[in-house]
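Structure first, then comments.
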Amino acid sequence: MRDILHEALERMTENGAEFCDARFQQLSMLSVKVVDGGVRSIKNDSMSGVCFRSRIGGSWGYSSTVSLDKESLLEACLEAPRNANRGTAPGDPLPEYRFDTGTVKAKVRYYPADIALEEKLADLMELDKAQRIEARIVNTNSEYDEGLKRNILINSMGADLEWEEIRTRVTAMTVASDGDRTEFYYDAHGGTKGYELVKELDLNEIGDKCAREAIAMLLAKKPPSGLLTCISDPGITGTLAHEVIGHAAEADEVVKNRSFLTGVVGERVASDLITMVDDGTVPGARGTIPYDDEGIRGSRTVLIENGIYKGYMHSLETAAMMNEAPTGNGRAEDYSRRVWVRMTNTYFEPGDWTLEEMVEDIDFGVVTDKTISGMEDPVGGGFEAQTLRGYLIERGKISGMIRSFALTGDALEILKTTDAVGKDFKLDGGTCGKGIEDWAPVSTGGAYCRSKIMVGGG
Numbered sequence: 004m005r006d007i008l009h010e011a012l013e014r015m016t017e018n019g020a021e022f023c024d025a026r027f028q029q030l031s032m033l034s035v036k037v038v039d040g041g042v043r044s045i046k047n048d049s050m051s052g053v054c055f056r057s058r059i060g061g062s063w064g065y066s067s068t069v070s071l072d073k074e075s076l077l078e079a080c081l082e083a084p085r086n087a088n089r090g091t092a093p094g095d096p097l098p099e100y101r102f103d104t105g106t107v108k109a110k111v112r113y114y115p116a117d118i119a120l121e122e123k124l125a126d127l128m129e130l131d132k133a134q135r136i137e138a139r140i141v142n143t144n145s146e147y148d149e150g151l152k153r154n155i156l157i158n159s160m161g162a163d164l165e166w167e168e169i170r171t172r173v174t175a176m177t178v179a180s181d182g183d184r185t186e187f188y189y190d191a192h193g194g195t196k197g198y199e200l201v202k203e204l205d206l207n208e209i210g211d212k213c214a215r216e217a218i219a220m221l222l223a224k225k226p227p228s229g230l231l232t233c234i235s236d237p238g239i240t241g242t243l244a245h246e247v248i249g250h251a252a253e254a255d256e257v258v259k260n261r262s263f264l265t266g267v268v269g270e271r272v273a274s275d276l277i278t279m280v281d282d283g284t285v286p287g288a289r290g291t292i293p294y295d296d297e298g299i300r301g302s303r304t305v306l307i308e309n310g311i312y313k314g315y316m317h318s319l320e321t322a323a324m325m326n327e328a329p330t331g332n333g334r335a336e337d338y339s340r341r342v343w344v345r346m347t348n349t350y351f352e353p354g355d356w357t358l359e360e361m362v363e364d365i366d367f368g369v370v371t372d373k374t375i376s377g378m379e380d381p382v383g384g385g386f387e388a389q390t391l392r393g394y395l396i397e398r399g400k401i402s403g404m405i406r407s408f409a410l411t412g413d414a415l416e417i418l419k420t421t422d423a424v425g426k427d428f429k430l431d432g433g434t435c436g437k438g439i440e441d442w443a444p445v446s447t448g449g450a451y452c453r454s455k456i457m458v459g460g461g
């Protein structure tokens with residue numbers, strides 16, 4: 004395959020490409036779901052193909068194919084320079100970068116493909132059974148997902164790479180009802196790990212916790228409303244980091260003038276307690292990558308440092324347009340998709356406060372517990388999220404559980420009112436969409452943050 008891809012690069016160069024690359028990807032996925040003690044679905048899928056890119060002037064041309072014989076590949080690669088708009092003005096030069104060569108194997112103890120399906124089913128059955136503790140549990144859901152992506156990338160600037168990405172995830176969700184109210188609770192664990200992720204979990208404890216927390220939520224009270232002092236847990240702070248700041252910090256939004264962070268480098272945008280990064284090198288996190296889909300090494304990019312906005316996430320294309328260095332954020336869902344600027348693991352760094360210290364200074368407020376959803380607003384900078392539940396704070400003490408509520412406000416105003424950042428740190432793995440359903444594995448989260456936020460709902 005590598006020899007053919009090298010020949011394809013020569014063909015694209017002969018046909019006018021000033022820069023070109025070839026990206027082979029082989030993907031294998033397994034998803035198993037158990038519902039109410041029975042196997043609901045087993046989905047096993049695989050796909051492979053090659054994406055070719057050519058840059059001519061300031062324009063990029065793409066082509067892709069799933070036909071992997073030499074003749075088809077050498078024919079498909081010529082579509083990339085043909086698809087580049089040759090009438091465009093000369094583009095800014097691509098940034099200089101010392102690309103790697105070689106092979107990177109995934110560092111896992113148990114390759115998921117080496118574990119029998121029967122063992123995976125038995126583990127899920129154990130997780131599901133642990134949720135069914137009494138009659139008020141009306142629905143149990145347990146899911147296991149695994150994915151292997153094998154990549155080969157070669158480009159005209161010297162990259163000659165092969166690497167693996169392995170991800171696993173286990174999720175449990177329990178629904179409880181007392182006849183009048185219905186509530187649910189979930190727990191999820193995932194990352195760039197092999198099947199050791201499952202082996203290291205206490206599945207009985209996870210299932211039992213989900214059930215007991217769902218039952219406890221049946222007694223949760225109505226939340227207050229108004230502008231309150233709010234301690235946001237890592238799920239909510241991660242939602243703010245990703246959905247609002249993170250998407251606005253993607254340089255392809257900046258160059259299109261679709262980001263409220265355009266032109267704010269060097270300005271204060273948050274309290275001096277706030278430092279926020281996108282880091283593709285966090286060991287074991289779901290968004291961690293050896294390389295992005297342009298062959299740039301995964302890296303740590305500081306977006307906000309002590310309240311000062313520092314810079315943007317870049318692909319090769321946006322780095323050239325803004326005369327900056329690529330940051331390892333040029334990512335594509337697979338070989339059939341184009342490269343966009345995408346996040347990896349995006350979070351607020353921890354501070355010096357314990358949760359107890361953050362609570363004891365509050366006369367009246369709330370603390371959130373788990374996120375349900377969040378809205379993206381890179382243009383306006385508005386923040387909107389829904390928490391699964393929370394707790395009321397009265398006179399410096401947590402006084403009781405409250406039902407799901409919404410949090411809204413201007414993201415930068417929220418960050419400027421942040422007066423405490425917690426020591427505890429947690430990342431949640433998920434999947435981020437961009438464009439027309441173009442997906443990438445990511446993590447979000449960080450530390451607890453205490454801010455003024457508009458609270459409502461319930």
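The sequence shown maps to residues 4 to 461 in this note's numbering. Glycine is no exception: its CB is placed at the ideal position from the N, C-alpha and C atoms.
If you reduce the DSSP assignment to three classes, tell me which class residue i lands in.
i, result
"Lys132", "helix"
"His317", "coil"
"Ile375", "strand"
"Lys196", "coil"
"Lys108", "coil"
"Gly238", "helix"
"Leu77", "helix"
"Val458", "strand"
"Ala388", "strand"
"Glu327", "coil"
"Ile218", "helix"
"Leu164", "strand"
"Glu82", "helix"
"Asp380", "coil"
"Met4", "coil"
"Arg14", "helix"
"Glu440", "coil"
Whole angstroms is fine: what's the gap from residue i's alpha carbon to residue j's?
i, j, result
"Ile417", "Glu246", "14 Å"
"Ile248", "Pro381", "7 Å"
"Arg447", "Glu17", "According to the sequence displayed, residue 447 carries Thr and not Arg. Near 43 Å, if we compare the C-alpha coordinates of Glu17 and Thr447."
"Pro227", "Glu352", "29 Å"
"Cys452", "Gly377", "17 Å"
"Lys313", "Gly40", "50 Å"
"Glu379", "Cys435", "11 Å"
"Asp255", "Gly438", "12 Å"
"Tyr114", "Val362", "43 Å"
"Leu230", "Ile456", "6 Å"
"Leu204", "Glu129", "12 Å"
"Gly283", "Ala443", "12 Å"
"Glu270", "Val173", "41 Å"
"Tyr294", "Arg345", "13 Å"
"Asn332", "Glu74", "32 Å"
"Val370", "Thr349", "21 Å"
"Thr440", "Asn47", "Before going further, note that residue 440 is Glu rather than Thr in the sequence given. Cα to Cα, the separation comes out at about 21 Å."
"Gly310", "Leu415", "10 Å"
"Arg58", "Gly385", "36 Å"
"Val53", "Thr68", "6 Å"
"Val445", "Ile169", "13 Å"
"Thr304", "Thr321", "15 Å"
"Gly266", "Met325", "12 Å"
Indicate whether residue i and residue j have their beta-carbon atoms separated by less than 9 Å.
i, j, result
"Gly150", "Leu306", "no"
"Leu81", "Ser66", "yes"
"Ser274", "Lys419", "yes"
"Thr232", "Gly368", "yes"
"Ile61", "Asp24", "Reading off the sequence shown, one finds Gly at residue 61, where the question assumed Ile. It is not a contact, given that the beta carbons lie outside the stated cut-off."
"Asp334", "Ile292", "In the sequence as presented, Asp is not what sits at residue 334; that position holds Arg. Cβ distance < 9 Å, so Arg334 and Ile292 count as in contact."
"Asp148", "Ser34", "yes"
"Ala133", "Asp211", "yes"
"Asn207", "Val38", "no"
"Glu297", "Leu156", "yes"
"Leu395", "Lys224", "yes"
"Gly19", "Pro93", "no"
Taking C-alpha atoms, which residue in the options lies nearest to residue i?
i, options, result
"Gln28", "Gly60, Lys225 and Arg5", "Arg5"
"Ala138", "Arg215, Ile118 and Asp205", "Arg215"
"Ile218", "Asp126, Thr434, Thr177 and Ile209", "Thr177"
"Cys213", "Pro115, Lys123 and Tyr189", "Tyr189"
"Ile277", "Asp183, Asp355 and Arg398", "Asp355"
"Thr104", "Ala116, Ser159 and Lys400", "Ser159"
"Met404", "Gly393, Leu410 and Gly412", "Gly393"
"Lys373", "Gly287, Ile155 and Ala450", "Ala450"
"Thr330", "Asp281, Arg89 and Gly290", "Asp281"
"Ile136", "Thr106, Ile209 and Lys202", "Ile209"
"Ala423", "Thr357, Lys225 and Pro286", "Thr357"
"Ala116", "Lys152, Gly182 and Ala175", "Lys152"
"Ala288", "Val268, Leu200 and Arg300", "Leu200"
For this session: Determine contact between the segment 192-200 and the segment 107-117, defined as no fewer than three beta-carbon pairs at a distance below 8 Å.
Result: yes
For this session: Count the CB pairs spanning the segment 426-435 and the segment 217-237 that are closer than 8 Å, and state whether there are at least three.
Result: yes
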